[in-house]
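S.K.: After the structure tokens below, expect a handful of questions from me.
Protein chains: 2
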Amino acid sequence: MENSITEKQRELVEKFGVIEEQMGIAPAPARVNALLTISDSPELTFDEIREALQLSKSATSNAINYLLTLDRIGYKTKPGDRKRYFYSRLNQWKASFRKSILGLDGYTNMIREILENRTTDTVQFNKQLEELANFMDYYIKESIAIIDRWEKR
Amino acid sequence: MENSITEKQRELVEKFGVIEEQMGIAPAPARVNALLTISDSPELTFDEIREALQLSKSATSNAINYLLTLDRIGYKTKPGDRKRYFYSRLNQWKASFRKSILGLDGYTNMIREILENRTTDTVQFNKQLEELANFMDYYIKESIAIIDRWEKR
DNA sequence: TTATTAGTTCTGCGATAAGAGAACCAAAAT
DNA sequence: ATTTTGGTTCTCTTATCGCAGAACTAATAA
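Residue numbers (UniProt numbering), protein chains in the order written: chain B, 1 to 153; chain D, 1 to 153.
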């Protein structure tokens, strides 16, 4: 029952885990993704993850599947080996940023819908709302553009 | 006990509320902020909010104070009137975006710290990590720049 | 055919969150 | 001096989360 992860690595997993928790990821998934980023081998099996993090099977299973739906991790298989080898999908960040930025679109549309239904009496306030919507549009467009620029660099 | 908010407005409050919930705000605060955006009068008192949303005093109080700490709302007072008049701080968005972008810095530093402690055996993986950190730096810098550009427009 | 592997799914439980309602409190009005 | 106003804080309930542990399952191995 050897451990395969150093004290320093364990410490980094916790530290990174906390950062990921602050980004809205539950403790166990956060640790799993951290492990896959920190472990010497960037491809680990279910049981290696489970053992390194001392998680239950259910927690491991749920964490992995959650991260898979988020596309934060992926897995490969090896011929003649039933196990899956999970890895952190480091380069999904661009896609994930893009998606969250485009998600602001719903917010912007909502602001415009509110504006259309507002009393016209509150001139100053409505102007602010409109400016907000315009800023959002601008921000969305420009943010996407900077990601594109990075990709075509 | 008249109502001061139309059916349509009530509907918009719910719709906007749900969007804000998806951004991580609890139901009651989400409704309060939505109300302050949608209501004909953009400045409402504690009791007007409470009554329009049919919330308990504690829920109203907590929601308001939570939104105040987030700077999503503010309040003014009127001379010789003990009540506070709450309003949605529409223009805090730029500040709030800026802050959340700068928050990515901690993530980037973490990535670099991980990189410094990684085995050098996994060349490809480490290269990806480095590229991620570089992308993050770029994204942070450029995002801040686009907000600045909007402000100096 | 039976056992093992590589997980998944199903309770169950402790911890936290959201909000109601009532008690509470300080400042102002009566 | 006591009542009212404009809240805040405390207690309790219900709901949901995060996870462990055990039961389960489908595919492979013996």
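From the three backbone atoms N, C-alpha and C, an ideal C-beta is built for every residue, glycine too.
Closer than 8 Å by beta-carbon distance: list the chain B residues that pair up with D/I19, in chain order.
M.R.: Chain B residues near D/I19: G106, Y107, M110.
S.K.: Starting from B/D47, follow the alpha helix (DSSP H) in both directions and report where the run begins and ends.
M.R.: Per DSSP, B/D47 belongs to the alpha helix (DSSP H) from 46-53.
S.K.: Taking buried to mean at least 16 other C-beta atoms within 10 Å of its own C-beta, is B/V32 buried or exposed?
M.R.: Under this definition B/V32 is a buried residue.
S.K.: Relative to the C-alpha of D/K76, which candidate in D/R84, D/I64, D/A28 has its C-alpha closest?
M.R.: Taking only the C-alpha atoms, the option nearest D/K76 is D/R84.
S.K.: Just how far apart, CA to CA, sit B/I19 and D/N109?
M.R.: In a straight line, the C-alpha of B/I19 is about 11 Å away from that of D/N109.
S.K.: Quick one, which of D/D40, D/I146, D/L129 has its alpha-carbon nearest B/I38's?
M.R.: Measuring from the Cα of B/I38, the nearest candidate turns out to be D/L129.
S.K.: When you compare only the Cα positions, how much space is there between B/R82 and B/S61?
M.R.: Spanning the two alpha carbons is a distance of roughly 16 Å.
S.K.: Helix, strand or coil for B/R153 per DSSP?
M.R.: Residue state, collapsed to three classes: coil.
S.K.: Beta-carbon separation of D/F16 and D/A28 under 7 Å?
M.R.: No; because the gap between Cβ atoms is not below 7 Å, this pair is not in contact.
S.K.: Rounded to a whole number of angstroms, what is the C-alpha to C-alpha distance between B/F125 and B/E116?
M.R.: Answer to the nearest angstrom: the Cα atoms are 13 Å apart.
S.K.: May I ask which residues mark the beginning and end of the beta strand (DSSP E) holding B/D81?
M.R.: First-last of the beta strand (DSSP E) with B/D81: 81-88.
S.K.: Determine, using beta carbons only, whether D/Q92 comes closer than 7 Å to chain B.
M.R.: For D/Q92, the answer is no, since every Cβ of chain B falls outside 7 Å of its Cβ.
S.K.: Tell me which residue opens and which closes the alpha helix (DSSP H) that B/I73 is part of.
M.R.: Looking at the DSSP string, B/I73 is not in any alpha helix (DSSP H); the run it does join, the beta strand (DSSP E), is 73-78.
S.K.: Using three-state DSSP, classify B/G103 as helix, strand or coil.
M.R.: B/G103 falls in the coil class under three-state DSSP.
S.K.: For the segment 38-51 of chain D, list every residue whose C-beta sits within 7 Å of some C-beta in chain B, in sequence order.
M.R.: Listed by position, the residues of the segment 38-51 of chain D near chain B (Cβ gap below 7 Å) are I38, D40, P42.
S.K.: Using alpha carbons as the reference points, say which of D/I5, D/L132, D/R149 lies closest to D/R98.
M.R.: Out of D/I5, D/L132, D/R149, D/R149 has the C-alpha closest to the C-alpha of D/R98.
S.K.: Have a look at B/Y138 and B/W93 and give me their C-alpha separation to the nearest angstrom.
M.R.: The straight-line gap from Cα to Cα measures roughly 21 Å.
S.K.: If you count every other CB in all the chains shown that lies within 10 Å of the CB of D/L102, and 16 or more means buried, which is it?
M.R.: D/L102 is exposed by the Cβ-count criterion.
S.K.: Looking only at its chain, what residues have a beta carbon closer than 8 Å to the beta carbon of D/R89, apart from the 5 residues adjacent to it on each side?
M.R.: Result list for D/R89: D71, R72, I73, G74, in chain order.
S.K.: Going by DSSP in three states, B/E43 sits in which element: helix, strand or coil?
M.R.: Coil.
S.K.: Can you find at least 3 beta carbon pairs, one from the segment 45-57 of chain B and one from the segment 3-10 of chain B, that sit closer than 8 Å?
M.R.: Contact holds: three or more Cβ-Cβ distances are below 8 Å.
S.K.: Closer than 8 Å, Cβ to Cβ, to anything on chain B: give me those residues from the segment 129-145 of chain D, in chain order.
M.R.: Those would be L129, E131, L132, F135, M136, Y138, Y139, E142, S143, in chain order.
S.K.: Could you tell me the distance, in whole angstroms, from the CA atom of D/E142 to the CA atom of B/L44?
M.R.: Distance between the alpha carbons of D/E142 and B/L44 is about 35 Å.
S.K.: In this structure, how does DSSP classify residue 154 of chain D when only helix, strand and coil are distinguished?
M.R.: This structure gives no information on residue 154 of chain D, because the portion of chain D shown stretches from 1 to 153.
S.K.: Spatial neighbours of residue 155 of chain B within its chain, please: C-beta separation below 8 Å, excluding the five flanking residues on both sides.
M.R.: No statement about residue 155 of chain B is possible, as the shown extent of chain B runs from 1 to 153 and does not include it.
S.K.: Determine the direct distance from the alpha carbon of B/R153 to that of B/I64, and round the result to whole angstroms.
M.R.: The straight-line gap from Cα to Cα measures roughly 33 Å.
S.K.: Can you tell me whether DSSP reads D/A26 as helix, strand or coil?
M.R.: Correct three-state label for D/A26: coil.
S.K.: Please list, in chain order, the chain B residues whose beta carbon lies closer than 8 Å to that of D/L12.
M.R.: Neighbours of D/L12 on chain B, chain order: E113, I114, N117.
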